[in-house]
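Mapping to this note's numbering: the sequence shown position 73 is 73, numbers consecutive. In this text, a Cβ means the ideal position worked out from N, Cα and C, and glycines have one as well. Contents: one structure, followed by commentary.
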Amino acid sequence: MATNVFKEDILKELDETIKTDSNFTINTTISQSLEYLDVTVENNNGHLKISIYHKSASESYILPYESDHPRHIHANIIYAALAQAALNCSNVEDFDMERLSTEMILLVNGYPPKFIQHHIKKFFVKYDSMSPRQDMLTRMQPNTEAARTTMKERFNH
Numbered sequence: 001m002a003t004n005v006f007k008e009d010i011l012k013e014l015d016e017t018i019k020t021d022s023n024f025t026i027n028t029t030i031s032q033s034l035e036y037l038d039v040t041v042e043n044n045n046g047h048l049k050i051s052i053y054h055k056s057a058s059e060s061y062i063l064p065y066e067s068d069h070p071r072h073i074h075a076n077i078i079y080a081a082l083a084q085a086a087l088n089c090s091n092v093e094d095f096d097m098e099r100l101s102t103e104m105i106l107l108v109n110g111y112p113p114k115f116i117q118h119h120i121k122k123f124f125v126k127y128d129s130m131s132p133r134q135d136m137l138t139r140m141q142p143n144t145e146a147a148r149t150t151m152k153e154r155f156n157h
């Protein structure tokens, strides 16, 4: 929640809400960032930055490539990770870091580099996007169509 109300007023309102229902609990924290479900939302001088939240206790485990599953399942793992990053990262640099992290996890779990690159390229082609860095550089040119279209907008259409 973002507000200009004093901290004491917010806490008082939350305490009153808790008193109305004993089954309802609220943990209050006032800070510049919030981890909720699978995203981190940060307030940097009034600008919200959203990125993927990774729990420190969870391991980076995915289905090993050598498992007895059809190959389309392995391809869907790559697609799902990229889709999550495209939807939840508010800037290209964070998306690119998630992509790199996903590639490393895939490699550690035995996925062949050609398989990984093929499906990453397929993802970018499907959503009419270049690599994240090329996409960012293209959007920095103000008079191009790509400058007015973000990867998220293309993904949602």
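In the DSSP annotation of this structure, Lys55 is not part of any beta strand (DSSP E), being labelled neither H nor E. Beta-bridge partners assigned by DSSP to Ile50: Val41.
Cα atoms of His118 and Met97: separation of roughly 18 Å, rounded to the nearest angstrom. It is roughly 22 Å from the alpha-carbon of Ile52 to the alpha-carbon of Pro64. Counting along the chain, no beta strand (DSSP E) covers Glu103; the unbroken alpha helix (DSSP H) around it starts and ends at Val92 to Val108. In this structure, Ile77 places its C-beta atom within 8 Å of the C-beta atom of Ile62.
For Glu35, the secondary structure class from DSSP, reduced to helix, strand or coil, is strand.
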